[in-house]
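The sequence shown begins at 1 in full-length UniProt numbering and counts up by one. What follows is a set of notes on a single structure, which appears directly below.
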Amino acid sequence: MSNRKWFHPHLSGPDAERLLKAHGFDGTFLVRPSKSVPGDYTLSVRLGPEVRHIKIQNTGDYYDLYGGETFATLSELISYYTENEGQLKERSGEVIYLRQPMPCDDPTSARWFHGQISGRECEGLLLSQAQDGSFLVRSSQHNPGDFVLSVRCKDRVSHIMISCKAGQYSFPGGDNFNDLTALVDYAKKTPLVETSGNIVHLKQPFNATKVDVRNLKDRIAAMSVSAGKSSSGFLEEFEKLQNMEQDLAKASSARKEGERPENKAKNRYKNILPYDRTRVVLKDVPPGVVGADYINASHIQSPRGRAYIACQGCLKATVPAFWQMMWEQGATVIAMVTNEVEGGKNKCARYYPDPKTKSMVHGKYTVEHVSEQVFPNFEVRKMTLSKEGQPKRNITQFHYLTWPDHGVPANPTDLISFIESIHEQERRGQAGAPGPLVVHCSAGIGRTGTVIVLDMLMSQIMEIGLQCDIDIQEMVAFVRQQRSGMIQTEAQYEFLYKSLEQFTSVMEQRARAREQLPHMPQEHYGNLADMAPAPMPAPGHAPPLPSRRQ
């Protein structure tokens with residue numbers, strides 16, 4: 001577990017109990033400095049209605065639980081007992097499960113704070129992407145509760161320790177400051193001198209794109225201020241994405257199939273084409289017919305395994321290929337985020353039946369209207385799809401109606417509700433693994449990319465919980481590796497931030513509604529069993545993790 005937000009540098013035992021009982025559940029844990037033995041630590045874990053406190057010894061050479069396995073860092077110790085369930089036991093034999101960390105707030109919302117990255121990761125970032133004098137601040141891996149200022153000095157990186165004692169921050173032998181931002185501001189104005197005599201200048205911050213979801217509101221505020229520059233933080237990140245995609249296009253992204261003369265008429269826009277390596281290939285096609293397997297659509301895979309298809313809005317001539325793709329890919333849900341005509345321009349041909357037409361036949365495929373339900377900002381259409389005598393399949397189309405012709409929706413809540421409705425339909429859908437979610441607008445990159453990236457990150461937050469970090473820029477870059485141009489404008493990119501902040505706020509409100517405040521018994525330390533490795537539980541016999549959707 002590389003994310004060390006379970007460490008609370010200023011928390012006492014009673015405060016740990018109150019926090020875990022008010023906001024945790026069975027298996028929620030945190031680590032804090034020991035109050036009785038300076039330099040040692042305490043692992044506090046909620047077990048049912050109570051909290052157990054387990055001492056962690058720091059010998060100066062290694063960390064352990066006063067016996068058993070030894071570890072070089074506190075992070076490695078926590079990772080071991082989190083990943084190896086059944087290894088941590090009380091003397092009574094009761095297993096202590098470390099299921100969910102209780103996150104600690106970052107010391108600052110400044111974009112130069114990179115949290116829990118390691119020294120090696122830090123050097124890789126600064127030496128490969130940053131200019132001379134670029135700096136960042138990160139949490140110390142070897143001295144939990146302290147921090148490190150890392151600065152690129154030509155072809156090397158200088159690491160300067162920042163001590164945090166009793167809420168005061170300082171460099172070695174330097175003055176104390178009340179917060180981390182004040183200390184960094186001082187260092188920007190006053191060059192630092194290394195023990196070797198080298199002078200370290202802080203010229204410009206190397207800003208993080210990863211953010212704790214609970215800090216999204218502060219991050220948005222920080223990125224909205226240009227700080228005397230000509231651009232906002234959103235534009236800075238978005239322009240960097242543009243440069244990254246140019247490098248990708250040079251490296252690996254042939255689009256020869258879409259460029260074939262036989263396929264040009266199948267593209268709504270001549271330069272918006274799928275990569276050959278990720279394009280959807282139609283299967284049931286005549287042998288030897290060049291271009292017969294082509295449709296302007298791309299497979300998109302999320303880092304967590306969820307599958308999508310991003311495609312352009314249908315042309316009249318490509319409607320049969322669209323339904324062939326739906327059938328062959330086993331897709332049952334469509335997210336349509338364009339209207340057929342916008343601003344007097346055709347955006348998508350009608351490819352689905354309505355209550356009047358009842359059914360449509362496209363080659364071997366028949367689509368029949370079942371029902372239609374209208375909501376304030378979207379419609380839900382139920383259809384069936386069949387192929388030449390084979391059993392019918394149920395298809396649900398979610399059609400978002402109020403995306404403005406230019407710009408983004410005024411209220412993120414509407415699009416969040418749209419996506420959550422899709423999730424609910426998928427949960428109630430057919431048994432077995434669902435097919436890919438098919439998303440289309442007109443070109444299949446701007447609004448389509450916005451919906452897909454937003455859905456990926458919403459799913460990540462729902463799965464991991466409100467203690468997770470997200471990286472919007474990284475996710476957009478990841479999706480652009482599979483279809484170029486996903487997220488077309490800075491406004492769409494900023495909208496992602498604001499939508500996820502709104503979604504997180506809703507998640508927090510739901511979590512608070514579930515919270516209970518049981519009686520808090522007196523703090524006590526559990527008596528641990530012998531810490532020698534215990535046999536691992538058989539697969540499938542460990543208690544299930546609580547659902548993040550409950």
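Every residue, glycine too, gets a C-beta built ideally from N, C-alpha and C. Quantities reported herein were computed from a predicted structural model and do not represent experimental measurements.
Cβ neighbour criterion (16 or more within 10 Å) applied to residue i
| i | result |
| --- | --- |
| valine 361 | exposed |
| tyrosine 294 | buried |
| glutamate 121 | exposed |
| glutamate 501 | buried |
| residue 588 | Absent from the model: residue 588. The displayed extent of the chain is 1 to 550, so no value can be given. |
| arginine 91 | exposed |
| alanine 443 | buried |
| aspartate 212 | buried |
| lysine 154 | exposed |
| leucine 437 | buried |
| serine 359 | exposed |
| serine 44 | buried |
| glycine 66 | Per the sequence shown, residue 66 should be read as tyrosine rather than glycine. Exposed. |
| threonine 357 | exposed |
| histidine 10 | exposed |
| threonine 318 | buried |
| valine 479 | buried |
| threonine 396 | buried |
| alanine 513 | exposed |
| glutamine 509 | exposed |
| alanine 254 | exposed |
Inter-residue spacing [alpha-carbon to alpha-carbon] between residue i and residue j
| i | j | result |
| --- | --- | --- |
| residue 573 | threonine 181 | No information on residue 573 is available, as it lies outside the stretch 1 to 550 that the chain covers here. |
| proline 236 | serine 224 | The residue asked about is misnamed: residue 236 is glutamate in this sequence, not proline. Their backbone Cα atoms lie some 11 Å apart in a straight line. |
| histidine 142 | leucine 202 | 24 Å |
| methionine 536 | tyrosine 81 | Here the model assigns methionine 536 a pLDDT of 32, short of 50, so the residue's position is not dependable and the matter cannot be decided. |
| phenylalanine 495 | lysine 364 | 41 Å |
| methionine 475 | aspartate 469 | 12 Å |
| proline 434 | glycine 119 | 41 Å |
| glycine 24 | alanine 310 | 39 Å |
| glutamate 85 | histidine 369 | 51 Å |
| serine 421 | arginine 18 | 36 Å |
| serine 386 | glutamine 329 | 14 Å |
| asparagine 346 | asparagine 243 | 31 Å |
| leucine 282 | glutamine 87 | 50 Å |
| phenylalanine 418 | glutamine 324 | 26 Å |
| glutamine 103 | arginine 46 | Residue identity differs from the one stated: residue 103 is proline in this sequence, not glutamine. Cα to Cα, the separation comes out at about 14 Å. |
| histidine 114 | serine 163 | 17 Å |
| isoleucine 416 | lysine 240 | 27 Å |
| tyrosine 169 | serine 79 | 28 Å |
| aspartate 284 | histidine 299 | 18 Å |
| alanine 16 | proline 38 | 18 Å |
| alanine 292 | arginine 279 | 13 Å |
| lysine 55 | threonine 504 | 34 Å |
| alanine 410 | methionine 326 | 31 Å |
Within-8 Å CB hit, residue i to chain C
| i | result |
| --- | --- |
| asparagine 346 | Given the protein chain composition of this structure (a single chain), no chain C is represented. |
Residue range of the unbroken alpha helix (DSSP H) whose run includes residue i
| i | result |
| --- | --- |
| phenylalanine 322 | 319-329 |
| proline 412 | 412-428 |
| histidine 8 | Element bounds for histidine 8: n/a, residue is neither H nor E. |
| serine 79 | 74-83 |
| serine 359 | Here serine 359 belongs to no alpha helix (DSSP H); instead the beta strand (DSSP E) covers 359-362. |
| glutamine 168 | Run containing glutamine 168: none in the alpha helix (DSSP H); it sits in the beta strand (DSSP E), 168-170. |
| tyrosine 497 | 490-514 |
| aspartate 218 | 216-224 |
Sequence-distant residues of its chain with Cβ nearer than 8 Å to residue i (five each side left out)
| i | result |
| --- | --- |
| asparagine 267 | Gly258, Leu273, Asn296 and Gln312 |
| isoleucine 199 | Pro191, Leu192 and Val193 |
| alanine 227 | With a pLDDT of only 48 at alanine 227, under 50, the local geometry of the prediction cannot be trusted, and the value read off the model is given with reservation. No residues qualify anywhere along the chain. |
| methionine 456 | Ser302, Pro303, Arg304, Arg306, Met475 and Val479 |
| methionine 210 | The displayed chain sequence assigns lysine, not methionine, to residue 210. Same-chain partners within the cutoff: His114, Gly115, Asp469, Ile470, Asp471 and Glu474. |
Own chain partners of residue i with C-beta closer than 7 Å, once the 5 adjacent residues on each side are dropped
| i | result |
| --- | --- |
| arginine 447 | Val337, Thr338, Trp403 and Cys441 |
| serine 109 | Asn215, Asp218, Arg219 and Ala222 |
| arginine 350 | Glu340 |
Cβ neighbours of residue i in the same chain (closer than 6 Å, five flanking residues each side left out)
| i | result |
| --- | --- |
| serine 547 | Residue placement at serine 547 is flagged as unreliable, the pLDDT there being 33, under the threshold of 50; a coordinate-derived value is accordingly withheld. |
| alanine 331 | Gly435, Pro436 and Val438 |
| valine 95 | Gly86 and Lys89 |
| arginine 260 | Gly291 |
Residue range of the unbroken beta strand (DSSP E) whose run includes residue i
| i | result |
| --- | --- |
| aspartate 106 | Per DSSP, aspartate 106 belongs to no beta strand (DSSP E) and is neither H nor E. |
| valine 157 | 156-165 |
| residue 551 | This structure gives no information on residue 551, because the portion of the chain shown stretches from 1 to 550. |
Check whether the region 365-378 touches the region 462-472, counting contact only when three or more Cβ pairs, one atom from each stretch, lie closer than 8 Å.
Taking a contact to require three or more Cβ pairs closer than 8 Å, the region 365-378 and the region 462-472 do not qualify as touching.
Taking 8 Å as the threshold, find out whether the region 399-408 comes into contact with the region 269-284 through three or more Cβ pairs.
With the cut-off at 8 Å, the region 399-408 and the region 269-284 do not touch.
Using a Cβ distance threshold of 8 Å, determine whether the region 172-189 contacts the region 447-456, with at least three qualifying pairs required.
Contact between the region 172-189 and the region 447-456 is absent, because fewer than three Cβ pairs lie under 8 Å.
Any 3 or more C-beta pairs closer than 8 Å across the region 127-138 and the region 148-159
Under the three-pair Cβ rule at 8 Å, the region 127-138 counts as touching the region 148-159.
Per the contact definition of three or more C-beta pairs closer than 8 Å, is the region 166-179 in contact with the region 214-223?
No, the region 214-223 does not touch the region 166-179.
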